[in-house]
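Structure first, then comments.
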Amino acid sequence: TLRAEQVELHRAVDANEARLQVLQKLRSSYEGYASGVRSLMLESPYAHLFQGVLGDLVDVGAEHARAVETALGESLQALVSTGHDGLVEAIDHLKETSGRAGIFALDWPGTPPQSAVLPDAPGFMGPLIDFVRPDAPITPLLQYLLYNTYLVRDLGTALNLAREHAHQPLRFVTPEGDAVDLYGLASGGKSEAEDATVLGRRREIRTLRSVIAHQHALDQFEHPPAAVGKGESGGQVLGAVLLDSLDARQ
């Protein structure tokens, strides 16, 4: 019945809004970040210097998130400032209290170098920067950090390409997060908390916001939408909307 479908919809909205509030609280409290990051952003007079944490300023699809996390490593937890003014004082503050933090200043001189152009090869997917959607101000920074870093299908392909181009300083990463660095170091495996990542948190927040917006739109209907066919429940329509929203964010 329509009443049952409305109850189902409201229950879904409540659950998603509760999850969104938890994630936003984690983000605003910098839970999961280094103690120095939390200290500077929450307990110091220097928070105004920073645009945020690098990982919170990068958007990437779920299928490429692990590759980006592998390539950027600890840089994802670095703070980003518009300039270098006040950075020495901010680090001195940490020395007087506790914790460590990395800081990128966006006024660093120079322009991002041009990555090497590699010929097409089986399993070669392209420069990793092409699969990342950074906030506009940090695009040059990401170009620096992902310089000569390429996405490939699997570790075997990474090893083959790294050996073939050993005369160039290149890095290769896979969608699963396996990698070969410019020194020939191959790495991979599985971590214990692969879902609790900075990039994953941002992606889930954006997805939940979109889903909740769709749910509230559905709630405005006094009757089931015309798109609901005979024998098709409002719950099925809601499920389709959720899947469409999730697909759109990935």
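If you're matching positions, the sequence shown starts at 301 in the working numbering and goes up one per residue. Where is the CB? At the ideal position from N, CA and C, for every residue including glycine.
query = In chain order, what residues of the same chain have a beta carbon less than 6 Å from the beta carbon of ALA318, not counting five sequence neighbours either side?
reply = So the list is empty, once near-sequence residues are dropped.
Cβ pair PRO381, PHE350 closer than 9 Å = One detail in the question is off: residue 381 reads as Ser in this sequence, not Pro. Cβ atoms of SER381 and PHE350: closer than 9 Å.
ask   = Does DSSP classify GLY352 as helix, strand or coil?
value = Correct three-state label for GLY352: strand.
key: Element boundaries [alpha helix (DSSP H), containing TYR444]   = That run of the alpha helix (DSSP H) goes 439 to 445.
task = State the DSSP-derived secondary structure class of THR457, mapped to helix, strand or coil.
result = Three-state result, THR457: helix.
Buried/exposed call for TYR450, threshold 16 Cβ in 10 Å = Looking at its Cβ environment, which holds 16 or more other Cβ atoms inside 10 Å, TYR450 is buried.
ask   = Just checking my contact of GLY488 with LEU455 at CB under 8 Å: how many whole Å lie between their CB atoms?
value = Their Cβ separation, rounded to whole angstroms, is 6 Å, which keeps GLY488 and LEU455 in contact under 8 Å.
message = Quick test of your reading: ASN448 and SER415, contact by CB under 8 Å. State the CB separation rounded to the nearest angstrom.
response = Contact annotation, ASN448 with SER415: C-beta distance approximately 5 Å; criterion of less than 8 Å satisfied.
task = Out of GLN515, ARG501, SER398, state which residue places its alpha-carbon closest to the alpha-carbon of GLU343.
result = The shortest Cα separation from GLU343 among GLN515, ARG501, SER398 belongs to SER398.
task = For the alpha helix (DSSP H) containing ARG433, list its first residue and its last residue.
result = Element bounds for ARG433: not the alpha helix (DSSP H) but the beta strand (DSSP E), 432 to 434.
Nearest residue (CA-CA) to ASP407, options PRO440, GLN377, ARG433 = Checked all of PRO440, GLN377, ARG433; the closest Cα to ASP407 is PRO440.
ask   = Quick one: what's THR449 bridged to in DSSP?
value = Assignment of beta-bridge partners to THR449 by DSSP yields ARG471.
request  = Taking TYR346 as the reference, give the member of LEU379, LEU482, GLY332 with the closest Cα.
outcome  = Minimum Cα-Cα distance from TYR346 among the listed residues LEU379, LEU482, GLY332 corresponds to LEU379.
request  = Under 8 Å Cβ to Cβ from ILE505, same chain only, skipping five residues before and after it: list those, please.
outcome  = Around ILE505, the same chain offers LEU320, LEU323, GLN324, ARG327 as residues with beta carbons nearer than 8 Å, after the five sequence neighbours per side are excluded.
task = Go through its chain and collect everything with a Cβ distance to VAL452's Cβ below 8 Å, but skip five positions before and after it.
result = Spatial neighbours of VAL452 in its own chain (CB-CB distance under 8 Å, excluding positions within 5 residues in sequence) are listed in chain order as GLY423, PHE424, MET425, ALA458, LEU461, PHE472, VAL473, THR474.
query = Who are the near neighbours of VAL313 in its chain, counting only those whose CB is closer than 6 Å to its CB and skipping five residues on each side?
reply = These residues qualify, in order along the chain: GLN515.
ask   = Should THR411 go down as buried or exposed, given a rule of 16 or more other Cβ atoms within 10 Å for buried?
value = Exposed: under 16 other Cβ atoms inside 10 Å.
request  = Output yes or no for whether 9 Å exceeds the beta carbon distance between VAL358 and LEU340.
outcome  = No. Outside cutoff.
query = Hey, how far is the Cα of ARG433 from the Cα of LEU418?
reply = Roughly 22 Å between the two C-alpha positions.
request  = Ignoring anything shorter than 3 residues or poking outside the stretch 358 to 382, list the beta strand (DSSP E) runs there in chain order.
outcome  = Whole beta strand (DSSP E) segments, 3+ residues: 358 to 360, 379 to 381.
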